[in-house]
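*Asks:*
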Amino acid sequence: MSEHEAESRPAGSWSVGQLVIPVDSFDISIICQEVALWFQENKQITAVPVRQGGCIAGLVERNAFFYRYLAGYGREVYSRRSICELMYPDPLIVLASEQVNVVAMRITEERPEALQHGFIVTDNGVCMGIVSGISLLRASAAQMAATLTDLKRTQADLIQSEKMASLGGLVAGIAHEVNTPIGITLTAATLLQEQARDFSTLVSGGVLRKSDILKFVEKSTETSSFIVSNIMRASSLIQSFKQVAVDRSHDQRRRFDLAGYLNELLVSLRPRFKGTLHTARVECESGMVIDSYAGALAQVIINLVMNALDHAFSQDAPGEITISVQATQPENISLKVSDNGCGMSEEVAAKIFEPFFTTRRGQGGTGLGMHIVYNIVNQQLGGRIHIDSSPGSGSRFTLVFPKVAPG
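Each residue of the sequence shown is one higher than the one before, starting from 1 at the first, in UniProt numbering.
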């Protein structure tokens, strides 16, 4: 994918179907000798799906195949045997319509082996072909570059908007921070592609040594980890900016029961509590219906809960987060998110809503979470927020906003 394509393509139009290398699948009855000859004639193809009847049965990846086929007595053992003995029986299968960044994140978290041997793409149940891990990483990095270009284009408009006047410096900070991981990612992806090409040449030439394999595995693992960490860093920054500059039209205003909605949010957050001693609960009367922006309120609650999990508690002691709601006035709601954690100093509390302020600068913190909360509460919910905290006494974030959102 060229730089021109990366700049001209809309940030939201990146699907894995656009990265597919069309390739016919092997029938599971094909023997390994025929597969070896096919790979030698089609050197640009890195992997091929394997079908059994009308279903996908596996994936044969060039380097893994030749590693076993050319090793020792591999030819003698496998030449006349079915490819099912040298294929991956459980390949990752992705829909053509899925977004590049979503698939990249899923592979990183659930199927990292797909970065090495690729994955299969289908459309309406039909196999379209394969996508290599390198192609996915490069497209993901290019997508972030295109998103950054879009963000820069909106900078002038944001500065002119009174409600977002403070975002002028924020956009510049985001652009500076995102440029670094994007540049590193593109460089590392190119290096990994060169390493894979050199390794494939050794495999096809039949001169592969064990030391070559170990060297390739070590370098590709290190480079892949480097790429993934920088992609996740840039993705986090971009997502944070999108939340800061949220357009009100993207979140539909509606009537909803506040108690039920808050409990639904805690259910969605359960995985974040897994493996910890911490708990969370809601104190809110049922039947308290408000007319507001549910998505915006969810972002506020999630950020406050995650802030408590990240900062308030130690790992070896139980902590509790409480979300309590009161109707202090006929037209207003008072919502408190409190914890019984370590609390914070007066100096930290005074700066907590400032953009890019974080006490975890060297640990991946961006310093945008609480600034996002402040902007959403004040601008979209039409309310206000303040913090009450001291060392050893926990923290209490109090939101006051109207039952009927403005606008």
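Just so it is clear, CB atoms sit at the ideal spot from N, CA and C, and this is done for glycine as well.
1) For P402, name the three-state secondary structure that DSSP assigns.
2) With I83 as the anchor, note down where its beta strand (DSSP E) starts and where it stops.
3) Among M144, S338, R197, which has the Cα closest to the Cα of V230?
4) Taking only three categories from DSSP, how would you classify C127?
5) Does L136 come out as helix, strand or coil in the three-state DSSP assignment?
6) Just the Cα atoms here: how many angstroms apart are Y78 and V178?
7) Would DSSP call T46 helix, strand or coil?
8) Please name the residue, chosen from L95, Y69, R253, I93, that lies closest to L86 on a Cα-to-Cα basis.
9) Pull up the distance between the alpha-carbon of residue 417 and that of V337, whole angstroms please.
10) Here's a check: name, in chain order, each residue in its chain whose Cβ is nearer than 7 Å to the Cβ of Y228, leaving out the five neighbours to either side.
11) In the DSSP assignment, what residue or residues form a beta bridge with G58?
12) Would you list the residues sitting across from L95 in a DSSP beta bridge?
13) Can you tell me the Cα-Cα spacing of F199 and S314, whole angstroms?
14) Just to check my reading of the structure: Y293 and Q380 have Cβ atoms closer than 8 Å, yes? What is that Cβ distance to the nearest angstrom?
15) Beta-carbon separation of P355 and G382 under 8 Å?
16) Alpha carbon to alpha carbon, what distance is there between T201 and D123?
*Replies:* Taking the definition as stated:
1) What you label residue 402 is simply residue 402 of the sequence shown in a count that begins at 1. Strand at P402.
2) Along the sequence shown, one-based indexing puts residue 83 at 83. Counting along the chain, I83 falls outside any beta strand (DSSP E), and DSSP gives it neither H nor E.
3) Position 230 of the sequence shown, counted from the first residue, corresponds to residue 230. Looking at the sequence shown, residue 230 is not Val but Asn. Comparing Cα positions, the closest option is M144.
4) To locate residue 127, count along the sequence shown from 1; it is residue 127. When secondary structure is reduced to three states using DSSP, C127 falls in the strand class.
5) By 1-based counting over the sequence shown, the position of residue 136 is 136. L136: helix per DSSP, three-state reduction.
6) Within the sequence shown, numbered from 1, the residue matching residue 78 stands at position 78. Within the sequence shown, numbered from 1, the residue matching residue 178 stands at position 178. Each residue's alpha carbon lies about 49 Å from the other.
7) Working through the sequence shown from its first residue, we reach residue 46 at position 46. DSSP, reduced to helix, strand and coil, places T46 outside both helices and strands of the structure shown, so it counts as coil.
8) Numbered from 1 along the sequence shown, position 86 holds the residue referred to as residue 86. With distances taken between Cα atoms, L86 lies closest to Y69.
9) Absent from the structure is residue 417, since the part of the chain shown begins at 1 and ends at 407.
10) Locating residue 228 in the sequence shown gives position 228, where the first residue counts as 1. One detail in the question is off: residue 228 reads as Val in this sequence, not Tyr. These residues qualify, in order along the chain: T108.
11) Along the sequence shown, read from residue 1 onward, the residue named residue 58 stands at position 58. Paired residue(s): V50.
12) Position 95 of the sequence shown, counted from the start, is the residue given in the question as residue 95. The partner list for L95 (beta bridge, DSSP) reads T122.
13) Here residue 199 corresponds to residue number 199 of the sequence shown, with the count starting at 1. Here residue 314 corresponds to residue number 314 of the sequence shown, with the count starting at 1. Each residue's alpha carbon lies about 46 Å from the other.
14) Translated into the one-based positions of the sequence shown, residue 293 becomes position 293. Translated into the one-based positions of the sequence shown, residue 380 becomes position 380. With a Cβ gap of about 6 Å, Y293 and Q380 count as contacting.
15) Taking the sequence shown and counting its residues from 1, the one referred to as residue 355 is at position 355. Taking the sequence shown and counting its residues from 1, the one referred to as residue 382 is at position 382. Contact flag unset, no.
16) Here the question's residue 123 lines up with position 123 in the sequence shown. Here the question's residue 201 lines up with position 201 in the sequence shown. Computed Cα separation, rounded: 32 Å.
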